[in-house]
Every structure is written in structure tokens, then in C-alpha cells.
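Inspection log for the structure reproduced underneath, given as C-alpha cells.
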Amino acid sequence: MGPTNHYIIQIHPTRRCNLRCLHCYSSSGPEERDQLPAALLLQAIADARDEGYQVSSFSGGEPILYPELPALLKHARANGMKTTVTSNGMLLDRRRLDAIAGFVNVLAISLDGIPESHNRMRANDRAFDMMQSRLEGVRASGIPFGFIFTLTQYNVNELDWAAEFAFCEGAKLFQIHPLEEVGRAANVLPGESPDAIESAYGFIESERIRKVYEGRMAVQLDLVHSQVMREHRERFVDDMDAGARPLAELVSPLVIEPTGRVAPFGYGFPDAYALGSLYSASIPELASAWRRAGWRRLQQLCRTTFDDAAAPRELPVLNWWDQLTHHAQRATIGA
Amino acid sequence: MSRGSDKLLADLVKKGRQASAQDVKSALSLEPTTEIKILNWHPRGLPPALLEVEAIMETPTQNLGSVVSRLAQSAQIRHINILVNGIPIPDIAQITVIAEAGQ
Numbered sequence: 001m002g003p004t005n006h007y008i009i010q011i012h013p014t015r016r017c018n019l020r021c022l023h024c025y026s027s028s029g030p031e032e033r034d035q036l037p038a039a040l041l042l043q044a045i046a047d048a049r050d051e052g053y054q055v056s057s058f059s060g061g062e063p064i065l066y067p068e069l070p071a072l073l074k075h076a077r078a079n080g081m082k083t084t085v086t087s088n089g090m091l092l093d094r095r096r097l098d099a100i101a102g103f104v105n106v107l108a109i110s111l112d113g114i115p116e117s118h119n120r121m122r123a124n125d126r127a128f129d130m131m132q133s134r135l136e137g138v139r140a141s142g143i144p145f146g147f148i149f150t151l152t153q154y155n156v157n158e159l160d161w162a163a164e165f166a167f168c169e170g171a172k173l174f175q176i177h178p179l180e181e182v183g184r185a186a187n188v189l190p191g192e193s194p195d196a197i198e199s200a201y202g203f204i205e206s207e208r209i210r211k212v213y214e215g216r217m218a219v220q221l222d223l224v225h226s227q228v229m230r231e232h233r234e235r236f237v238d239d240m241d242a243g244a245r246p247l248a249e250l251v252s253p254l255v256i257e258p259t260g261r262v263a264p265f266g267y268g269f270p271d272a273y274a275l276g277s278l279y280s281a282s283i284p285e286l287a288s289a290w291r292r293a294g295w296r297r298l299q300q301l302c303r304t305t306f307d308d309a310a311a312p313r314e315l316p317v318l319n320w321w322d323q324l325t326h327h328a329q330r331a332t333i334g335a
Numbered sequence: 336m337s338r339g340s341d342k343l344l345a346d347l348v349k350k351g352r353q354a355s356a357q358d359v360k361s362a363l364s365l366e367p368t369t370e371i372k373i374l375n376w377h378p379r380g381l382p383p384a385l386l387e388v389e390a391i392m393e394t395p396t397q398n399l400g401s402v403v404s405r406l407a408q409s410a411q412i413r414h415i416n417i418l419v420n421g422i423p424i425p426d427i428a429q430i431t432v433i434a435e436a437g438q
């Protein structure tokens with residue numbers, strides 16, 4: 001369940017990062033040492049494949065700093081999965097690119113607007129220049145790459161610049177993801193996630209940009225129009241029993257956090273909906289127990305959230321994942 | 336700090352220019368050589384992806400058929416209003432037309 005085209009397992013192997021970005025959902029940084037053992041993740045990837053997941057998506061922290069990332073990527077590909085890696089791009093030197101080339105379907109590099117805005121969000125004056133200096137090597141590596149732009153309350157006007165930058169640098173994908181006030185962002189950037197007005201402008205701008213680059217660069221917006229929700233309820237709410245259905249049909253994305261916690265939909269999703277810890281059981285074992293009780297709870301959450309989010313409204317563009325998180329937090333507090 | 340959308344709109348105003356009569360003809364799928372006088376027009380909607388043009392035009396009645404036929408072929412035209420006038424002979428057709436986004 002989830003409005004994605006593929007069944008995705010999102011793996012955060014480490015919270016170690018060379019940056020301490022203001023909008024980081026996992027509060028990662030250079031001092032963080034949370035890291036999952038490679039053996040645990042190798043098993044989790046194989047189990048995820050058996051549960052129907054088709055894409056292994058690696059993020060962090062900075063996943064490039066996880067020493068066994070190449071082995072995980074190879075393993076995922078050997079299991080027939082597609083792979084994506086999300087990076088701030090600053091550390092993508094020749095050695096690291098060579099180690100992952102051939103095993104990555106999409107390398108997604110963070111880009112938060114014009115250099116000044118990017119550096120502010122990255123809390124580093126050299127972040128943009130260093131990232132840009134690595135792009136020639138990325139192109140030479142042959143790894144298909146794209147950029148992820150974090151939409152905030154203040155930067156929809158920089159989308160046009162960012163899309164042109166991405167296209168000129170040879171990107172195949174330009175993804176626009178709204179800021180979610182989770183992790184460090186909740187403390188450092190309160191009130192900076194795009195409201196309904198900015199989301200509506202983001203929706204319109206992304207449609208315009210999509211037309212400009214049609215056939216040359218894919219443009220993806222992680223926001224949804226409530227009318228689309230009403231027309232495709234089945235993509236947001238699953239009324240069927242869990243039965244023996246693969247876990248991927250029930251939850252996508254499924255998230256593995258650096259602590260071993262396995263949770264639905266997004267990093268830090270409330271514990272009440274989590275499947276458990278990889279340190280205590282494997283994914284199939286966690287899924288088996290979760291199908292009995294957790295599934296019903298998640299179904300109910302999706303129904304409640306859908307009824308609220310899909311209702312006709314003056315400003316109809318919204319972040320489904322953010323709505324789910326808020327409803328889940330509310331339900332948890334109310335429980 | 337200003338909203339991104341406020342900055343976006345301010346940038347559009349700075350970058351924008353007034354539409355010319357030729358721009359309006361083009362938006363209405365009319366040939367530049369069409370014998371028609373455009374009296375007034377209003378581009379509407381921001382950003383430009385939502386541009387809607389409302390134009391008031393005049394043409395001799397003998398051209399009315401070809402002009403309307405041309406307008407009617409455009410999928411983006413959603414409103415046409417025709418008033419024939421002229422003293423002492425009604426020989427002028429005034430056409431009000433609205434073209435939707437994409438034009």
C-alpha cells in the first residue's frame with residue numbers, strides 16, 4: 001500500500017555523514033556512529049526480495065560512507081532488485097564511484113536551490129561547489145543520476161533554476177520532495193515545510209517544468225492532488241485482508257533505520273505502526289507477527305488519513321506521507 | 336523571509352513583458368495576416384502555465400465565417416461571443432473570445 005509505482009525497501013545503513021544538514025530527517029552528522037552490520041542488511045535484502053520488494057533504496061546518513069555499500073548494492077542486484085543511492089554528492093570521488101558503478105540504477109544527488117540556499121541548508125559554505133565539482137566524475141562513471149530538490153516554504157521560486165542546472169549537468173531525473181519536519185528539521189526548521197499555498201505553487205511549477213523538459217529529463221513531484229486521490233482510492237487505502245500476501249503489497253516503502261528499527265512509509269514513523277527491530281527478528285518473522293495486528297492498525301490509519309486528505313478543498317495539493325505521519329502521531333498521542 | 340511563491344511572482348513580473356497583438360493572434364491560432372483588429376485583450380493567470388487570454392476583436396462581416404471557423408478548430412477556445420453591428424449597414428463583427436491554458 002502506498003502511491004508508488006514500485007515496491008521499495010528504503011535502507012538507512014548509517015547515520016554517519018560529512019554534513020549536518022538543517023533539514024535532515026535522521027539527524028545525521030559527522031559525530032554519529034549508528035550503523036547496521038552488513039550481514040544483517042544482506043539478509044534483510046534477500047528477505048525483502050522474498051517479500052516482494054523490487055527496489056532497494058539506500059540513504060542515510062551519507063550512504064557512500066558506509067564501507068559495505070558496494071557489497072549491498074551488488075547483493076540487491078544479484079537478487080533481481082533495482083537500486084538507488086541518495087547522496088549529498090560531495091564525496092563522490094573516482095574510487096567511490098568505481099566501487100558502485102554498474103550496480104546503481106539511479107544515483108540521486110541532493111540539490112536545494114541556488115548555491116547560497118543549498119549551502120545554507122547544508123550548513124556548509126563549500127557544499128555546492130564541492131558537489132558540482134564531482135559531477136564530471138559522475139557523468140564519466142556512466143551511473144544514471146538525478147537531483148532531489150527539497151521544497152520548503154521559501155524556495156519554490158528556485159525550482160526553475162534548479163531544474164535547468166540539473167538538465168545542463170546531464171541529469172535524467174529531477175525529483176521535488178517537500179520538506180518534512182522530522183528529525184533535525186523539526187527542531188531547526190519549524191514552520192518551513194511548504195504549506196498548502198506553496199504546495200499548490202510547487203504543483204503548478206513542476207507541471208510547467210515537466211513540459212519544458214519532456215522526453216529529456218523526468219520530473220517527479222512527491223505531492224498529490226486531492227482529486228487524483230479521490231479517483232484512485234485503491235492506491236492509498238487497501239481494504240483487503242493481509243492473509244498471506246507479500247509484505248510489499250501491504251507496505252511500501254518499508255524503512256530500515258540505522259538502529260535496526262523497521263517501520264512503514266518514512267524515517268521516524270511512529271512506533272505504534274512499526275514492525276519491530278532487525279536485531280530481534282528477521283523481516284519475514286517481523287512481518288508475520290505484524291500481519292496479525294499491525295496491519296489492521298495501519299489500514300485504519302490510511303482510511304482516516306484518506307478521508308481527511310481527499311476531501312474537496314480550496315487548495316488541493318498535499319503531501320500524503322506527511323499527512324499520514326501527522327495522523328499517526330495524533331493517533332499515538334490519543335491512544 | 337518571504338514565501339517562495341511571493342518571490343516567484345515578483346520574478347515573473349520582472350521577467351515578463353506585455354503581450355503584443357501578434358502574440359494574441361498566435362495564442363488564438365489566427366494567422367498573422369488575418370484581417371482582424373484586436374481591440375483589447377487580457378492575459379490571465381499566474382504562473383504563465385495557467386495563461387488564459389480574453390480578447391475582443393473586430394473584423395468585416397465577410398471575414399466572419401473564416402475567422403470563426405479558424406477559432407472553432409482550436410481545442411483551447413472555450414468561449415466565443417459574436418455581435419454584428421454597424422450604422423447604417425451592419426458590416427462589422429465584434430468577436431469576444433477566451434482561450435484557455437496552453438495557448
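If you read the protein sequences in the order shown, they are chains A and B.
Using the numbering used here, the letters of the first sequence map in sequence onto residues 1 to 335.
Using the numbering used here, the letters of the second sequence map in sequence onto residues 336 to 438.
From the three backbone atoms N, C-alpha and C, an ideal C-beta is built for every residue, glycine too.
Selected residue, minimal CA-CA separation from residue i, among the options
{"i": "A:Asp308", "options": "A:Val262, A:Ala272 and A:Phe236", "result": "A:Phe236"}
{"i": "A:Gln54", "options": "A:Pro253, A:Gly260 and A:Leu69", "result": "A:Pro253"}
{"i": "B:Leu406", "options": "B:Asn375, B:Gln397 and B:Thr431", "result": "B:Thr431"}
{"i": "B:Ser340", "options": "A:Val156, A:Gly80 and A:Leu151", "result": "A:Val156"}
{"i": "A:Met131", "options": "A:Pro115, A:Gly142, A:Ala310 and A:Pro144", "result": "A:Pro115"}
{"i": "A:Gly266", "options": "A:Gln35, A:Phe103, A:Arg126 and A:Ser59", "result": "A:Ser59"}
{"i": "A:Ala39", "options": "A:Ile333, A:Tyr279, A:Asn5 and A:Glu285", "result": "A:Tyr279"}
{"i": "A:Glu32", "options": "A:Leu223, A:Gln43 and A:Leu19", "result": "A:Leu19"}
{"i": "B:Asn375", "options": "B:Thr368, B:Ala410, B:Thr369 and B:Val388", "result": "B:Val388"}
{"i": "A:Leu97", "options": "A:Phe128, A:Pro144, A:Ser56 and A:Gly276", "result": "A:Pro144"}
{"i": "A:Val188", "options": "A:Cys17, A:Ser27, A:Pro13 and A:Asn5", "result": "A:Ser27"}
{"i": "A:Ala310", "options": "A:Ile256, A:Gly243, A:Thr325 and A:Glu231", "result": "A:Glu231"}
{"i": "A:Asp34", "options": "A:Asp271, A:Asn5 and A:Pro258", "result": "A:Pro258"}
{"i": "B:Asn420", "options": "B:Gln408, B:Gln397 and B:His414", "result": "B:Gln397"}
Nearest-angstrom Cα separation, counted from residue j out to residue i
{"i": "A:Tyr7", "j": "A:Asp47", "result": "13 Å"}
{"i": "A:Asn119", "j": "A:Ala196", "result": "26 Å"}
{"i": "A:Arg134", "j": "A:Val106", "result": "16 Å"}
{"i": "B:Glu393", "j": "B:Ser361", "result": "16 Å"}
{"i": "A:Phe147", "j": "A:Gly89", "result": "10 Å"}
{"i": "A:Arg297", "j": "A:Met240", "result": "13 Å"}
{"i": "B:Ile312", "j": "B:Ser404", "result": "The structure shown does not extend to residue 312 of chain B, since chain B is modelled only from 336 to 438, so the question has no answer here."}
{"i": "A:Arg208", "j": "A:Glu198", "result": "15 Å"}
{"i": "A:Ile92", "j": "A:Tyr25", "result": "Looking at the sequence shown, residue 92 of chain A is not Ile but Leu. Between A:Leu92 and A:Tyr25, the C-alpha separation is close to 22 Å."}
{"i": "A:Tyr154", "j": "A:Leu111", "result": "15 Å"}
{"i": "A:Asp238", "j": "A:Leu250", "result": "8 Å"}
{"i": "B:Ile427", "j": "B:Asn416", "result": "14 Å"}
{"i": "B:Ser337", "j": "A:Glu180", "result": "19 Å"}
{"i": "A:Ala166", "j": "A:Phe174", "result": "7 Å"}
{"i": "B:Ile373", "j": "B:Leu399", "result": "14 Å"}
{"i": "A:Gln10", "j": "A:Ala248", "result": "12 Å"}
{"i": "A:Glu136", "j": "A:Ala78", "result": "28 Å"}
{"i": "A:Arg15", "j": "A:Cys168", "result": "31 Å"}
{"i": "A:Gln299", "j": "A:Gly268", "result": "19 Å"}
Secondary structure of residue i, DSSP reduced to three states
{"i": "A:Ala28", "result": "Reading off the sequence, residue 28 of chain A comes out as Ser, not Ala. Looking at A:Ser28 - three-state DSSP - the assignment turns out to be coil, as it is neither helix nor strand."}
{"i": "A:Val106", "result": "strand"}
{"i": "B:Ile402", "result": "Inspection of the sequence shows that residue 402 of chain B is occupied by Val rather than by Ile. B:Val402 falls in the helix class under three-state DSSP."}
{"i": "B:Gln438", "result": "The predicted model places B:Gln438 with a pLDDT of 39, which falls under 50 and marks its position as unreliable; any figure quoted below should be read in that light. DSSP places B:Gln438 in coil when its eight states are reduced to three."}
{"i": "A:Ile256", "result": "strand"}
{"i": "B:Ala384", "result": "Here B:Ala384 scores only 46 on pLDDT, less than 50, and its place in the model is too uncertain to base an answer on."}
{"i": "A:Asn157", "result": "helix"}
{"i": "A:Leu42", "result": "helix"}
{"i": "A:Arg184", "result": "helix"}
{"i": "B:Ile371", "result": "coil"}
{"i": "A:Gly243", "result": "coil"}
{"i": "B:Arg413", "result": "strand"}
{"i": "A:Gly276", "result": "strand"}
First and last residue of the uninterrupted alpha helix (DSSP H) at residue i
{"i": "A:Glu285", "result": "Ile283 to Ala309"}
{"i": "A:Arg77", "result": "Leu69 to Ala78"}
{"i": "A:Ile100", "result": "Arg94 to Ile100"}
Amino acids of chain B, ordered along the chain, whose beta-carbon sits closer than 7 Å to that of residue i
{"i": "A:Gln153", "result": "Arg338 and Gly339"}
{"i": "A:Ile114", "result": "The contacting residues do not exist; A:Ile114 stays about 11 Å from chain B at best."}
{"i": "A:Glu198", "result": "Arg338, Gly339 and Ser340"}
{"i": "A:Asn157", "result": "Gly339, Lys342, Leu343 and Asp346"}
N-terminal and C-terminal residue of the beta strand (DSSP E) that residue i is part of
{"i": "A:Lys211", "result": "Per DSSP, A:Lys211 belongs to no beta strand (DSSP E); it is in the alpha helix (DSSP H), Ala196 to Val212."}
{"i": "A:Phe145", "result": "Phe145 to Leu151"}
{"i": "A:Phe174", "result": "Leu173 to Pro178"}
{"i": "A:Ala58", "result": "The sequence as given places Phe at residue 58 of chain A; Ala does not occur at that position. Run containing A:Phe58: Val55 to Phe58, per the beta strand (DSSP E) assignment."}
{"i": "B:Pro295", "result": "There is no way to answer for residue 295 of chain B, as the model of chain B reaches only from 336 to 438."}
{"i": "A:Pro264", "result": "Arg261 to Pro264"}
{"i": "A:Leu221", "result": "Ala218 to Leu221"}
Chain-ordered neighbours of residue i on chain B, where CB pairs are closer than 8 Å
{"i": "A:Tyr396", "result": "Past the boundaries of the shown model lies residue 396 of chain A; chain A is included only from 1 to 335, so the question cannot be answered."}
{"i": "A:Tyr53", "result": "Going along chain B, no residue has its Cβ under 8 Å from A:Tyr53, so there is no contact; the nearest lies around 35 Å."}
{"i": "A:Tyr267", "result": "Residues of chain B passing the Cβ test: none, with the nearest at roughly 24 Å."}
{"i": "A:Tyr25", "result": "Here the premise fails: no neighbours, minimum Cβ distance about 20 Å."}
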